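See structure below.
Following this line, the structure appears as structure tokens:
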């Protein structure tokens, strides 16, 4: 998580980004995958990441709400989220869960089924849209 100048609609503004991207990177996994994501906080404020819709089965500390399931990640520090995606598939999202950071620190979280669907594959030029 870091500040970066981002240009949209002919205007440049400093925004919080992830890996310098706004919105943040899309995370794509398969049902049953073990996920490890290291978050390094390069800003002065605390931060956490919430994996919206991910069932945290026996990994509640990886859910992200600051001071509820985990201590926030302090500036200059890192935390590695570890969890297994179980019994779910679909298009979800992740976002910062500290103050107003979720306004620009977010991205898609795609869970592909372990067994493929019994119909043709989607068009490869499609991409997820987050509202």
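Residue numbers (full-length UniProt numbering): 1 to 131. Glycine included, each C-beta is placed from N, C-alpha and C at the ideal position. Quantities reported herein were computed from a predicted structural model and do not represent experimental measurements.
Rank 106, 59, 85, 50 by C-alpha distance to the C-alpha of residue 72 and give the top, closest one.
-> 50
For residue 62, which residues from the same chain have a beta carbon less than 8 Å from its beta carbon, with the 5 sequence-adjacent residues on both sides left out?
-> 51, 56, 69, 70, 81, 82, 83
By Cβ distance, which residues of its chain are closer than 8 Å to residue 77, with the 5 residues on each side in sequence left out?
-> 40, 41
Where does residue 88 land, buried or exposed, given buried means 16+ other C-beta within 10 angstroms?
-> exposed
Own chain, CB closer than 6 Å to residue 59, minus 5 neighbours either side, in chain order | 83
DSSP beta-bridge partners of residue 70 | 66
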